[in-house]
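Read the structure below first, then the notes.
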Amino acid sequence: MTSFLEHIAEDIITKHGTDLSDITIVFPNKRASLFMKEMLAIKAGKPMWSPQYITISELFRRQTETVVADPVKLVCELFKVYSAYHGTEELTLDKFYGWGQLMISDFDDIDKNMANADAVFSNITAFHELENKIDFTQGQREAIERFFNIILDEDNSEIKEKFLKMWNSLADIYHKFNERLAGEGLAYEGALYRKVVESKCLNLSSEKYVFVGFNVVQKVERQLFSMLQEEGRALFYWDYDNFFMQERNSVSNEVSRYSYISRLKEKFVNELAPDRTDVFDTMKEEKEVKFVSAPTENIQARYVSKWLMDNDRMLHGRRTAIVMCHETLLQTIIHCLPEEMPAVNVTTGYPLSQAPITTLVANFLTLHSEGYVADGKVFRLHFVNAVLSHPYAKYISQKARELRSTLNSMHRYFPNVEELMGDDGLSLIFSPIDREKNNYNEFIVRRLADIVKQIARNFPENKKQENGFAVESLFRTYTLLMRIVNLIEDRDLIVDFDTLRRLMMQIIGSTTIPFHGEPVEGVQIMGVLETRNIDFDHVLLLSCNEGNMPKGINDASFIPHSIRYGHGLTTIDNKVSVYAYYFNSIIQRCKDVTIVYNNSTDGGRSGEMSRFMVQMMVEKPATWKLSKEALSAGQHSMISIPAEIAKEGKVADILDEMDSFSPTAINNYLYCQLRFFYNYVAGLKENDETDDDSIDNRIFGLVFHEASEIIYNKVKGAVITKEVLNYLLKDKAGIYRAIDEAFRKELFKINDNSDFKPKYNGIQLINREVIRKYLEMLLRLDIRLAPFTIIGLEHDVYEDITICTDKGERKIKVGGRIDRIDKVRDNESGKEVIRVVDYKTGSKEIKSPSANIEAVFDPLAKSDSHRDYYLQAMLYSLLISRKRQESNVPVSPALLFIQHSYADDTNPTLYFKDKNVKEYINDISIYGDIFMENLKRVMTEILDTSITFKPTEERKRCTMCPYYKLCR
């Protein structure tokens, strides 16, 4: 295949020789010039004087000293002009911003098509006054309501009056806006273009200007072409195919897609002869075309690898192109490229919004807008963590990680400013900024720019070479921030902070970082616009759905369609024709075309292939071979089946070193052997760190246990009477002191004798009251039980148990901490009983009690049987019983559900239940032998290296398991 640029290069060399120093070649975009440069060198076959290469935009800008203004400044300046006519009472810059962009787009279109602005807006006013009974579409209604901050009812004359007032002022706003910009030597692009051609004075540096590959040319560009043509300094190369130039009945009636070129080449004659069939009749040549449907974007991206390897397409280098109709696929595509890919060139820029620095910018702004409590001069830990846990935090301060660890270990939910500013870097982050200051916006953006500069300064040299994107993203972000500072300083950007924050993220979101590399080597990965004037042998077109191709076609404008059409402005038809041209140009000279589209209707998608694909199916030449393929996601279960883990090597070594088990560890093993492995063997502990203001169940339970211990320690060892308990119940201050001390120890992790007093947030205060209520309930329960004696609180109990493993006998220590041991008198027998009490502060009762000991050790027991509660309570009771055999007082396990123990007949003693018959465990020794037999069996199984760790058979348990992503 001979490309369009090759034909042009050959023609230029033939007509002008190899001294092209006085020629400037003008392209619609920069990309094609890189390929053109190489083609000319090849066709020349010897050293040559190269021409200049510029874009049409650069050509216009070189003709004047006027500068195209920054997009943000343009909207800000327009807002000032608009406000002069309509005031700012009901409209802020934040609300105006989107409308301002739309208005500038309309002004730009008027100037690029050299329309009479007064006539256009005069017609608009007349148009809307004629339709004084304006019937808005639902979309228009919503947009207008947002703009004017008024609810639009069926006959709202006020909104219509405001609407017409705006229309009436558009011509004045247009002129005043241009005057204001001109006074500063600025313009928007269309105004600059118009100024150039209306001045009729061109500043030309070359003898000849060669215009290559233009299609839809706006009037201002045609005017420039004419001016150069009249001076005999313009040459034109039009790219088209006769297949689409012929007048014929088209099912889509889209002959207009090439009608622009048809008219242009009549006035601006093509340098390539129209009878060149090798240039203009390639669409009818044989082509292999495949349509591929895929249910997801990710599957499309994964298909890229297969497509590249099929027929060795990736070895064809730059003759192979992957074209994205939806450029958000870029990251996924890059990760899906084959490892053996020889070379690749990405022409689409990398979104700055996906760079790590953007997350830090957002986190910093949120920290100071939502995370700072000004009246207390404290920050909220959640927002502090968001900044300190960022991968770039270590380049701001070497103390960032240590500070985060300290704050979280101490549960400092509201750290004060002083404890956060440990060095200059941390001061940059946490030094408060007074929002009442007039220059608050400038100050915070400057601070952010200083942080970015600090990161760049401390970024390791080796990482700068490995990760050029990170360095470039820092530079781009710093440049953008300083640009915003300048706009604020010049009083062009006068907005509140929330508007500024949204604006900053919008600007960052629209910025891309170019990839660096050899542009004409390797497989080309590009967006649709980058393909202009470049031909390929193999093309993979991705996400070719209606809505992507043509892309985002809409009629958002202040100017009605009929008026746009009447004044020669850009219409939807024009936009569709442009994309039709792009689409057809991509496949025009290509022999191997694969077009992929998403056929899923999930998430509001249409699932439609592009209209151009439908058109292709109907109108394709007979020489084409069109096939179809459907990609499938495959049927995979939501939870994959985990693999077993052998007890060998390092795993076996760790098991050999184990010398103790807690009831929790044994319960974990019975629940799922792999969960036990990840937690106790691999050492991957469940994350119990939280920076949330709320208190989870674990912390709540710890605080309750600690507070109850503090209260009952006052009377431990003595006979506790009803009078004593009533005194404790009435001592509200004492209860609160116990709770505060418990919070201090368990939540805030303060174990010394300092004067630290907890500072509670709203959620913690609520939990403090709930714990107070629970403690009072516990005291009332004990009043009914009195008199009794507390033997131990938070009492540790352990025992060495001998088991036989595949490696011989081993002694394993089992046990843990008991909430409470007391001695009470049984109501029925009148005899003393030692109770091993386990407090339960949760709301879940035992709804399906275990039937027997075997059920306690059953890995498949129902979750509502709380088999784990039984195992722990019975183990602790048995260990106490064995240690107190000489007392001859029976030991009984008890579960005290604080929320559900208020009934008069409540008996917290654990019981088995089989066929509705309750069997209370009043003496644990009766069950001792069978319990120990089962316990030893499980511990032996854990340590037996001939048995693998297996996943649970209850797959429902996997959904809430913290390790489920590790299982395969």
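Numbering (this note's numbering), first residue to last: 7 to 974.
Note that CB positions come from ideal geometry on N, CA and C, so glycine has one too.
These figures come from a predicted structure and were not determined experimentally.
Residue i - partner residues in DSSP beta bridges
i, result
"Asp828", "Ile796, Arg841"
"Gly822", "Val803"
"Gln58", "Thr30"
"Gly613", "Answer is none; Gly613 lacks a bridge partner."
"Lys846", "Phe903"
"Arg816", "Ile809"
"Glu635", "Val298"
"Phe589", "For Phe589, which the question treats as bridged, DSSP gives no partner whatsoever."
"Met330", "Gly533, Leu548"
"Ile651", "Phe955"
"Asn4", "Outside the shown range of the chain, which is 7 to 974, sits residue 4, and nothing can be said about it."
"Tyr243", "Val218"
"Asp25", "Trp55"
Cutoff 6 Å; reference residue i; Cβ partners in own chain excluding five residues on either side
i, result
"Leu547", "Val329, Ile601"
"Thr958", "Cys678"
"Asp28", "Ser212, Glu213"
"Glu12", "Met45"
"Met676", "The displayed chain sequence assigns Leu, not Met, to residue 676. Cβ within range, chain order: Pro865."
"Phe521", "Val352"
"Met172", "none"
"Lys817", "Asp806, Thr808"
"Asp955", "Contrary to the premise, residue 955 reads as Phe rather than Asp in this sequence. Answer for Phe955: Ile651, Gln679, Leu680, Phe683, listed in chain order."
"Val451", "Leu487, Ile490, Val491"
"Val730", "Val721"
Cβ distance (whole Å) where residue i is taken to contact residue j below 8 Å
i, j, result
"Asn539", "Asp245", "6 Å"
"Glu654", "Arg324", "Between Arg324 and Glu654 the Cβ distance is about 51 Å, and since that is not below 8 Å, they are no contact."
"Met929", "Pro896", "The sequence given here places Asp at residue 929; Met does not occur at that position. Rounded, the Cβ-Cβ distance is 4 Å, consistent with contact."
"Tyr2", "Phe475", "Residue 2 cannot be examined here, being either before or after the span of the chain that is shown, 7 to 974."
"Val842", "Ala900", "7 Å"
"Thr517", "Leu358", "4 Å"
"Met345", "Gly191", "Here residue 345 turns out to be Glu, not Met, going by the sequence shown. Actually they do not touch by this definition, with Cβ atoms about 53 Å apart."
"Lys52", "Ala15", "Contact flag wrong, Cβ pair sits at about 14 Å."
"Leu988", "Val458", "Outside the shown range of the chain, which is 7 to 974, sits residue 988, and nothing can be said about it."
"Val390", "Leu371", "With 8 Å as the limit, Val390 and Leu371 do not qualify as a contact, their Cβ atoms being about 14 Å apart."
"Arg595", "Ser9", "7 Å"
"Ile494", "Asn447", "5 Å"
"Met54", "Leu26", "7 Å"
Own chain partners of residue i with C-beta closer than 7 Å, once the 5 adjacent residues on each side are dropped
i, result
"Val725", "Pro793, Thr795"
"Ala123", "Ile116, Ala177, Tyr180"
"Leu535", "Asn35"
"Asp114", "Tyr194, Glu195, Gly196"
"Ser668", "Gly822"
"Leu799", "Glu715, Tyr718, Asn719, Lys722, Arg826"
"Asp76", "Arg489"
"Ile62", "Val32, Pro34, Glu227"
Cutoff 8 Å; reference residue i; Cβ partners in own chain excluding five residues on either side
i, result
"Leu335", "Glu303, Gln306, Ala307, Leu548, Ser549"
"Ser612", "Asn551, Glu552, Gly553"
"Glu752", "Ile705, Leu708, Val709, Glu712"
"Phe975", "As shown, the chain starts at 7 and ends at 974. That puts residue 975 outside it, with no answer to give."
"Phe564", "Leu108, Met109, Asp112, Ile130, Trp173, Leu176"
"Arg482", "Leu358, Thr517, Ile519"
Any C-beta of chain C under 8 Å from that of residue i
i, result
"Asn894", "Among the chains in the structure shown there is no chain C, since it carries only a single protein chain."
Quiz item: Do the region 88–108 and the region 210–224 touch if we need at least three Cβ pairs shorter than 8 Å?
Solution: The region 88–108 is not in contact with the region 210–224.
Quiz item: Residue ranges of each alpha helix (DSSP H) run of no fewer than 4 residues wholly in the region 849–894, ordered along the chain?
Solution: 859–862, 873–889
Quiz item: Are at least three pairs of beta-carbons, each pair with one atom in the region 617–629 and one in the region 780–792, less than 8 Å apart?
Solution: no
Quiz item: Can you list, in chain order, the stretches of the beta strand (DSSP E) that have 3 or more residues and sit fully within the region 211–238?
Solution: 214–218
Self-check item: Contiguous alpha helix (DSSP H) assignments of at least 4 residues, all confined to the region 342–424
Solution: 362–375, 387–394, 399–402, 406–415
Quiz item: Which runs of the alpha helix (DSSP H) spanning at least 4 residues fall entirely within the region 455–538, listed in chain order?
Solution: 467–472, 474–495, 503–515
Quiz item: Would the region 280–289 and the region 507–514 be scored as touching if the rule is three or more Cβ pairs under 8 Å?
Solution: no
Quiz item: Do the region 400–409 and the region 735–750 make contact, defined as three or more Cβ pairs closer than 8 Å?
Solution: The answer is no - the region 735–750 does not touch the region 400–409, with fewer than three Cβ pairs under 8 Å.
Practice problem: Tell me, please, whether the region 85–94 touches the region 215–224 by the rule of three or more beta-carbon pairs shorter than 8 Å. | Solution: no
Quiz prompt | Three-pair Cβ contact test at 8 Å for the region 557–564 versus the region 375–386 | solution = no
Exercise. Starting from the N-terminal side, write out each stretch of the beta strand (DSSP E) that is 3 residues or longer and does not extend beyond the region 52–128.
Key: As for any beta strand (DSSP E) of minimum length 3 sitting wholly inside the region 52–128, the runs are 58–61, ordered along the chain.
Quiz prompt | Contained alpha helix (DSSP H) runs [length at least 4] in the region 708–741, N- to C-terminal order | solution = 728–736
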